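Each residue of the first sequence is one higher than the one before, counting from 537 in this note's numbering.
Reading through the structure tokens given below for one structure.
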Amino acid sequence: MTKNLNLFNTLSNKKEKFLPIDNSKVGMYVCGPTVYDFPHIGNARPLVVFDVLFRLLKKIYGKNKITYVRNITDIDDKIIESSKKNNKSINELTKTITKDFHQDCQYLNCQKPSFEPKATDHIKEMISMVTNLIKNKNAYENEKHVYFSVSSFNEYGKLSNKNSKQLVAGSRVEVSKYKKDPLDFVLWKPSEVSDPGWASPWGRGRPGWHLECSVMSEKFLGKKFDIHGGGLDLVFPHHENEIAQSRCANKTDKFANYWVHNGFVTFDKEKMSKSIGNIVFINKLRENINGQVIRLALLSSHYKQPLDWNERLIQESQNTLDKWYNQFEKIDSEELDDDVLNPLLEDLNTPEYISKLHLLYDESIKGNKSSKVKFLKACNLIGLLEEDKHLWKNFKKSKVKIDESFINQKIKDRNNARIKRDYKLADIIRKELENKGVVIEDKQDQTIWKYK
RNA sequence: GGCCACGUGGCGGAAUGGUUACGCAGAGGAUUGCAAAUCCUUCCAUCCCAGUUCGAUUCUGGGCGUGGCCUCCA
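Now the structure itself:
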């Protein structure tokens, strides 16, 4: 094992050498969607970033050595709310969104995680974790509610770098009357008759938000595991609470060793929010942009940095891939050199990696065969140029209502005009096709066309 | 108020104690009937002030500015 991966760890606030608990395998848990609304471009970022990490880990440790778990949270107050608002049953809503989410993942060319557990399939385990917490005196029941007692865990705040005093001072949380301490968070709460609920020692109810990740990471990865990922906004309170629950319930000194968090996506420099109405939904992008374009755009800045989503970024990524596809070829697998991989090993430096791709492309078009192979393999590693060239070129076909024989006839007409030096007519025909969404390029011996 | 991150050319975006990637845009050229695409060449930058240092964009301190978290969020 010569390849050394360094990762920035939120827990230590430093870049650290990555050392798995067991050198022969790696466990990674990434917070997946709460299925209450269609995924947006902000959700796409962790999907793609951790997909790249997943691919990289497989490259380093071997294909079958990585266990990647990404949950689906299908019970939550937001879901209940959305279901009421949209007059859809919970089941219908979560099924619809989950299906859409899976289409997004496929569209973004994300490899399937090893496991994709659902919260509602793990209520039993959650109840048993809460029971454990009560037994360990880290939680208390009050009027059918169960709360985690933050003061019982003295390392609370370590991940998010907060102490309880600050939290109380800055707190805008509505303090429930059932809580002993304003910082305590809910593990179990009663459900209205009309709302989803499960029988429990504390009456019919449902789990608190953070519980599913604690329970499901343990089930698939163990009480301690290597990497836990998610968006930067999950650091507090979600991940902080996960740590508290898991470590207290399991009586362990550690939970996840490396915490990796991605930065936010803004839209035209503004925060995406429902009230502004500037949320970019992935299923909308699916309509006329190839998923690889989104991928490249999302990887164009370092994962921890903020990323601004805008038309220009998409266009640039589109143009780059158009160019790169000139070198497309299906190649049989070959080991990728360490020097190519290096930027990714330094905390997933995708911008530097992409700049290397540009250099490899340059060598490749000059006829350097080994550079070409490297280029293509390197693209594939981050999920680019895996799709056939034909599919890439014809992505917009379904959108453009135009018959291919019509295009070919027009090109024939135009070339006849060109032979007769009737350039006026030739230009008119070119313009006509362009207006229909077809662009013409005259090559040396032929005229090719593509969708705009 | 507390905590954190960031400030690099026209734009995006890496890296670095000494010659500052890469992409886009711009300029020039090749090619073309003209284009487009492609290829070649090329111009342009480290927020301000002080300190450490032979040397700072990089390290330290201060300032100014931007963003995030502290409430549901990727």
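The beta carbon of each residue, even a glycine, is placed where N, CA and C say it ideally should be.
Nothing here was measured: the structure is a model prediction, and the numbers come from that model.
Could you please give the first and the last residue of the uninterrupted alpha helix (DSSP H) stretch that includes residue i?
{"i": "N824", "result": "818-824"}
{"i": "A785", "result": "776-786"}
{"i": "H894", "result": "886-901"}
{"i": "A496", "result": "Nothing about residue 496 can be read from this structure; the chain reaches only from 537 to 988."}
{"i": "A914", "result": "905-917"}
What residue does the beta strand (DSSP E) around residue i start on, and which one ends it?
{"i": "V682", "result": "681-684"}
{"i": "T802", "result": "801-803"}
{"i": "M665", "result": "M665 -> not in any beta strand (DSSP E); alpha helix (DSSP H) instead, spanning 659-671."}
{"i": "R606", "result": "602-606"}
{"i": "G766", "result": "761-767"}
{"i": "D844", "result": "843-845"}
{"i": "D576", "result": "The question names Asp, but residue 576 in the sequence shown is His. First-last for H576: undefined, no H or E at that position."}
Taking the straight line between their C-alpha atoms, what separation do you get for residue i and residue j?
{"i": "D939", "j": "I976", "result": "15 Å"}
{"i": "R848", "j": "K913", "result": "27 Å"}
{"i": "N878", "j": "Y889", "result": "8 Å"}
{"i": "D717", "j": "Y676", "result": "11 Å"}
{"i": "L927", "j": "C646", "result": "17 Å"}
{"i": "M537", "j": "E865", "result": "Because the pLDDT at M537 is just 47, under 50, the model does not fix this residue reliably, and the value given afterwards should be weighed accordingly. Straight-line Cα distance between these residues: approximately 30 Å."}
{"i": "Q639", "j": "K725", "result": "33 Å"}
{"i": "Q841", "j": "V771", "result": "15 Å"}
{"i": "K925", "j": "F651", "result": "31 Å"}
{"i": "S782", "j": "F761", "result": "12 Å"}
{"i": "M564", "j": "N862", "result": "36 Å"}
{"i": "K539", "j": "M808", "result": "38 Å"}
Quick check on residue i: does DSSP put it in helix, strand or coil?
{"i": "P726", "result": "strand"}
{"i": "V751", "result": "helix"}
{"i": "I615", "result": "helix"}
{"i": "W860", "result": "helix"}
{"i": "S548", "result": "coil"}
{"i": "E970", "result": "helix"}
{"i": "L644", "result": "coil"}
{"i": "H638", "result": "helix"}
{"i": "L814", "result": "Residue identity check: residue 814 is Asn in the sequence provided, not Leu. Of the three classes helix, strand and coil, the one that applies to N814 here is coil, per DSSP."}
{"i": "L927", "result": "helix"}
{"i": "N627", "result": "helix"}
Between residue i and residue j, is the Cβ-Cβ spacing less than 8 Å?
{"i": "S741", "j": "S727", "result": "The sequence shown places Gly at residue 741, rather than the Ser named in the question. Contact flag set, yes."}
{"i": "V722", "j": "H681", "result": "yes"}
{"i": "Y839", "j": "L881", "result": "no"}
{"i": "E748", "j": "M665", "result": "no"}
{"i": "T609", "j": "P569", "result": "yes"}
{"i": "T886", "j": "V588", "result": "yes"}
Who pairs with residue i in a beta bridge, going by DSSP?
{"i": "M808", "result": "DSSP, once it has assigned bridges, lists no residue as partnering M808."}
{"i": "T570", "result": "T609"}
{"i": "T983", "result": "D978"}
{"i": "W734", "result": "G741"}
{"i": "A792", "result": "F761"}
{"i": "K561", "result": "D558"}
{"i": "E677", "result": "V682"}
{"i": "E882", "result": "N542"}
{"i": "F721", "result": "F684"}
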